[in-house]
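Before any comments, here is the structure.
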Amino acid sequence: MASLPGWRTLPPGAVILEPGSSVRYKTADWRTLRPVIDQEKCVRCRICWTYCPEPAILELEKPYTAKSGRTYRVTYEIDYDYCKGCGICAEECPVKAITMVEEVR
Amino acid sequence: MVEKLAEFVANGELDAEFIHVESEHSALSAVVGASAAGARVFTATSSQGLLLMYEIMHIASSIRLPVVMSIATRAISAPINIWCDHSDFMAASDSGWIMLMGMNAQEAHDLVIAAYRIAEDPRVLLPVAVGYDGFWISHTVEPVYVLEKEEALRYAPKRVTWRALDPEKPVTMGPLASPEWYFEFRVQLQKAIEGSRGAISEALREFGQHFGREYREVDGFYTDDADVVLVAMGSVTGTAIPFAEEARKAGLRVGVVNVRLFRPFPEEEVFKHLENAKVVAVVDRAINPGSPFVGPLYSDVAVTAFKRGLDIPVLNYVTGLGGRAVLRSHLEAMVKHAYGFVGKRMRDVETHYGFVGVRE
Amino acid sequence: MSSFTIASIPREELLAPGHRMCQGCGAAIVMRHLLKALGKDVIIAHATGCVEVTTSLYPETAWRVPWIHVAFENAAAVASGIEAAVKAMKRKGLLSKEKRVKAVAIGGDGGTYDIGLQALSGMLERGHDVLYVLYDNEAYMNTGIQRSGGTPLYAWTTTTPVGKLWRGEWRRKKDIIGIVRAHGVSYAAAVNFAYITDFYAKVKKAAEIEGPAFIHAYSPCVPGWRHEPHLTVKIAKLAVQTGTWVNYEIERGTFRVTTPVPKRLPVEEYLRLQGRFAHLTKEEVDTVQRMVDEDVEYINRLAGTVVIGPVERKS
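Have a look at this one:
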């Protein structure tokens, strides 16, 4: 606490100047279950991404070719820095491509 | 006050948005929002309305927004009473606002203009309240020089000196601060109001240079050789000054101190007028029930004297509550009573306060 | 409206992760999509509440748009001031006249149904160009799950506990949109994120309208409703499918149900996933069902046709 800035240097009125700075706070340790996306099963429907409350599902411009030969332009990946492990993504996935596994640290 | 402003806006003399709020709480909330968005704002209230604003007063000062408000000082309920005293003003005096008190209608007008210079000064960034006695000043007629818009703006040009809400540069205002952070912001507020004195003096001095009416934080009349110094705020000083002149003719050496700046309390300036006195008589128009001081102005004056080792009787006269007129005869009674303590020390005073003009 | 699909949702996140909203928080989903639908040119006035405290923990903020919190009961008044300031400054050439900056107030059910109702009424009545968004999690969740005017019948809360005499909340939820509607606003709508394109269509419409608009957003609460965190969206969907929540809008006086439900599910399916209703007897469930039936009848009457159908029981 002693290393934190004091009243002389803090911006007046407790205004926070850096938008979206909560990214510095990682919420990963809230998680007891960890979602794992099966990229083969995933149909890129965007539902998991839509319903993530954090957001902790990344929509990446990362092409993926499934074994079936089907190619996808985007890939969904869990951002494990922020995922709190609520499991909405796994529950809502229409093709059951996401499984919740026990978090081992 | 707001009715006159409505006329200005209605006639196109004042280019402003006039928000017909549904309560004083929303009035202050709306001006806080508008100020945060970068606008120059004003609101006015009184009595219960000020008490309803009380919550937001603290927030306005803590977010450091240069809101300006005038307060027609009035009694507070119950019983309901629409007349003058300082109960509302004093109740708000712990809210981190710079507080000025005018002694006549001209001052009520001028100090509002000066308030913008003070509030928006980048060294200050605090809200400013300008008090003036309800009814005695707010509802009586006096001629007033109203400043022209251009001259007022030359004296107090509008510049957004504070951080404003802007989609180009998004900031977050009014966050949650945990015990790790909250304390620092309270200290910052204290330091800001303490540090505002220079900017206040400058704004008042320059007001005089611009308009020929110079106001000081504290006025003293005949205090150099006074035995009894009356310390007061607001319109009662208008009665006290001619009273002192009259009393002097009758051999009573009376001085008068008018406290124009109440927050931050100008201790040095007040003390300057006390140090030659034999007794100090503080006139309060409010009580702080159960406190060891009783009168709120008294508490500040007494501490000012005590801190500087001035060991003379500092007495408190509470008067004029709920619009009861404070007459020369009341002031005379105070001074005569105070004269009985000449030559004594504070510890010799058994009862330091009394009510003047009340029925037993 | 039909052209907006899930694929149209902008990728850019205006609410940053790292906020402290609960695991599976419904309000977090509301806020995330609210901001995406509104875009960057907004100024938000936020009432005190769980979203407010969990997104602005000094020295960090989850907001990527200008945002202010003043107090609990005054978000609508603060937003009124912001809107007036923008208007005045535009007129005086202090802000660009071309750019539209929308003032948005956000409040929870406590801050809207109860303590902030007066400020909301003032803002609506004065006709400010402000969008008010109510995220309704049906109790004062921030302070510890105390009942509000938005708490539904029989819901357990910490101030309507289940005891020998009490069976949870014994009053019905206030009709907040009815109150808003009485002010003659141009647009008011109920949204549920389980129907995400409907959510976007309404928020966008509400933001585009000049003058006051109101969005009532359904917002499940994991600790307050005592449901499993992974069921947030499922419960939201069931709320609509059982007729407990109806997605509708009132646009310049015209009432329209935007999510018709030809066959309703029994309300029990909605109630049984939530611990706050775990104490309900068969009779009490029936009472809730009758209440929902009545509400649905009222909705159909407003719609002038049967848009929400009868309950279909699985056999």
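Protein chains in written order, with our numbering: chain A, 1 to 105; chain B, 1001 to 1360; chain C, 2001 to 2315. Think of the CB as a built atom: it goes at the ideal place given N, C-alpha and C, for glycine as much as any other residue.
Listed by chain order, chain B residues near residue i by CB distance under 9 Å
i          : result
Leu2124(C) : In chain order: nothing, as chain B lies at least about 10 Å away.
Ile16(A)   : Val1171, Thr1172, Met1173, Pro1175
Beta-bridge partners of residue i, as assigned by DSSP
i          : result
Asp1284(B) : Val1318(B)
Ser1070(B) : Ala1044(B), Val1130(B)
Glu2251(C) : Tyr2187(C), Thr2254(C)
Gln2146(C) : Tyr2140(C)
Gly69(A)   : Gly69(A) pairs with nothing; no bridge assigned.
His1086(B) : DSSP lists no partner for His1086(B).
Ala2213(C) : Leu2131(C), Tyr2187(C)
Leu1331(B) : Answer is none; Leu1331(B) lacks a bridge partner.
Arg2313(C) : DSSP lists no partner for Arg2313(C).
Arg2167(C) : Val2162(C)
Asn1104(B) : Bridge partners of Asn1104(B): none, in fact.
Ile2044(C) : Trp2067(C), Val2104(C)
Tyr1353(B) : Asn1316(B)
CA nearest to the CA of residue i, picked from the options
i          : options                                        : result
Ala1338(B) : Gly1238(B), Ala1277(B), Gly1234(B), Arg1197(B) : Ala1277(B)
Val1335(B) : Arg1248(B), Arg1324(B), Val1270(B), Asp1300(B) : Arg1248(B)
Ala2236(C) : Glu2169(C), Tyr2140(C), Asp2136(C), Gly2211(C) : Asp2136(C)
Ser2096(C) : Ala2103(C), Ala2105(C), Val2086(C)             : Val2086(C)
Tyr1317(B) : Gly1295(B), Asp1300(B), Val1303(B), Gly1038(B) : Gly1295(B)
Val1041(B) : Arg1159(B), Trp1181(B), Ser1093(B)             : Arg1159(B)
Val2054(C) : Asp2041(C), Ala2016(C), Ala2278(C), Lys2173(C) : A small correction: the amino acid at residue 2054(C) is Thr; Val does not occupy that position in the sequence shown. Taking only the C-alpha atoms, the option nearest Thr2054(C) is Ala2016(C).
Asn1258(B) : Ile1241(B), Leu1315(B), Val1303(B)             : Ile1241(B)
Gln2146(C) : Ile2068(C), Gly2107(C), Thr2160(C), Lys2102(C) : Thr2160(C)
Gly2275(C) : Glu2208(C), Val2233(C), Val2222(C)             : Val2222(C)
Leu1050(B) : His1273(B), Ala1027(B), Arg1064(B)             : Ala1027(B)
Asp2129(C) : Val2185(C), Pro2152(C), Pro2266(C)             : Val2185(C)
Met2089(C) : Phe1135(B), Met1069(B), Asn1104(B), Ser1035(B) : Ser1035(B)
Arg2252(C) : Arg2226(C), Gly2211(C), His2046(C), Ala2119(C) : Gly2211(C)
Ala2076(C) : Arg2091(C), Gly2107(C), Lys2102(C)             : Gly2107(C)
Leu1189(B) : Ala1060(B), Leu1261(B), Arg1260(B)             : Ala1060(B)
Ala56(A)   : Val2070(C), Gly2081(C), Glu2012(C)             : Glu2012(C)
Glu1017(B) : Ile2082(C), Ala2007(C), Pro2059(C)             : Ile2082(C)
Ala1943(C) : Gly2018(C), Ala2028(C), His2019(C)             : Here chain C comprises residues numbered 2001 to 2315, so residue 1943(C) is not present and cannot be evaluated.
Gly2122(C) : Pro1264(B), Met1233(B), His1020(B), Glu1013(B) : His1020(B)
Gly2049(C) : Leu2035(C), Thr2061(C), Leu2057(C), Phe2072(C) : Phe2072(C)
Partners in chain C for residue i, counting only beta-carbon separations shorter than 9 Å
i          : result
Glu1022(B) : Ala2077, Gln2118, Ala2119, Ser2121, Gly2122, Met2123, Glu2125, Arg2126
Ser1178(B) : Leu2057, Tyr2058
Closer than 8 Å at the beta carbon, the chain A residues around residue i
i          : result
Ile1063(B) : Gly13, Ala14, Val15
Trp2063(C) : Pro19, Gly20
Val1187(B) : Trp7
Chain A contact residues for residue i, given Cβ-Cβ distances below 7 Å
i          : result
Leu2231(C) : Glu91
Leu1125(B) : Pro12
Glu1184(B) : Gly6, Trp7, Leu10
Chain C contact residues for residue i, given Cβ-Cβ distances below 7 Å
i          : result
Lys84(A)   : Gln2023
Trp1097(B) : Here the premise fails: no neighbours, minimum Cβ distance about 16 Å.
Within chain A, partners of residue i - CB distance below 9 Å
i          : result
Lys1191(B) : Trp7, Arg8
Arg1163(B) : Pro11, Pro12, Gly13, Val15, Leu17
Ile2029(C) : Thr50, Tyr51, Cys52, Pro53, Ile88
Partners in chain C for residue i, counting only beta-carbon separations shorter than 8 Å
i          : result
Asp1284(B) : The contacting residues do not exist; Asp1284(B) stays about 31 Å from chain C at best.
Trp1181(B) : Tyr2058, Pro2059
Arg105(A)  : Per Cβ cutoff of 8 Å: no residues; Arg105(A) is ~17 Å from chain C at best.
7 Å Cβ cut-off: residues of chain B touching residue i
i          : result
Asp2041(C) : Pro1167
Pro2066(C) : Leu1165, Asp1166, Pro1167, Pro1170, Val1171
Neighbouring residues, chain B, relative to residue i (Cβ below 8 Å)
i          : result
Ile2082(C) : Gly1033, Ala1034, Ala1036, Ala1037, Leu1165
Val2053(C) : Leu1176
When Cβ atoms are compared, which residues of the region 2003-2019 of chain C fall closer than 7 Å to chain A?
Ile2006, Ala2007, Ile2009, Arg2011, Glu2013, Ala2016, Pro2017, Gly2018, His2019
Ranges of the beta strand (DSSP E) found wholly within the region 2056-2118 of chain C, counting only runs of at least 3:
Runs of the beta strand (DSSP E) inside the region 2056-2118 of chain C: 2067-2069, 2102-2108.
Listed in chain order, which residues of the region 6-37 of chain A have Cβ atoms closer than 7 Å to some Cβ of chain B?
Going along the region 6-37 of chain A in chain order, one finds Gly6, Trp7, Leu10, Pro12, Gly13, Ala14, Val15, Ile16, Leu17, Pro19 with a Cβ nearer than 7 Å to chain B.
I'd like the ranges of any beta strand (DSSP E) spanning at least 3 consecutive residues and lying wholly in the region 1201-1243 of chain B.
1218-1221, 1228-1232
Any chance you could list the alpha helix (DSSP H) runs of at least 4 consecutive residues sitting entirely within the region 1110-1175 of chain B, in chain order?
1149-1155
Counting only Cβ-Cβ distances shorter than 7 Å, please list the residues of the region 49-74 of chain A near chain C, keeping chain order.
Thr50, Tyr51, Pro53, Glu54, Pro55, Ala56, Glu59
If you measure beta-carbon to beta-carbon, which residues of the region 1015-1048 of chain B are closer than 7 Å to chain C?
Asp1015, Ala1016, Glu1017, Ile1019, His1020, Val1021, Glu1022, Ser1023, His1025, Ser1026, Ser1029, Ala1030, Val1031, Val1032, Gly1033, Ala1034, Ala1036, Ala1037, Gly1038, Ala1039
Sequence ranges, beta strand (DSSP E) only - wholly within the region 33-80 of chain A, length at least 3
For the region 33-80 of chain A, the full-length beta strand (DSSP E) segments reaching 3 residues or more read 33-37, 57-60, 75-78 along the chain.
Could you name the residues of the region 2086-2111 of chain C whose beta carbon sits closer than 9 Å to any beta carbon of chain B, in the order they occur along the chain?
Against chain B - using a Cβ distance shorter than 9 Å - the residues of the region 2086-2111 of chain C are Val2086, Lys2087, Ala2088, Met2089, Arg2091, Lys2092, Leu2094, Leu2095, Lys2099, Val2101, Ala2103.
Can you list, in chain order, the residues of the region 1053-1078 of chain B whose Cβ is nearer than 7 Å to any Cβ on chain C?
Listed by position, the residues of the region 1053-1078 of chain B near chain C (Cβ gap below 7 Å) are Glu1055, Ile1056, Ile1059.
What residues in the region 2239-2262 of chain C bring their beta carbon closer than 9 Å to a beta carbon of chain B?
none
Could you name the residues of the region 2175-2200 of chain C whose beta carbon sits closer than 7 Å to any beta carbon of chain A, in the order they occur along the chain?
Ile2196
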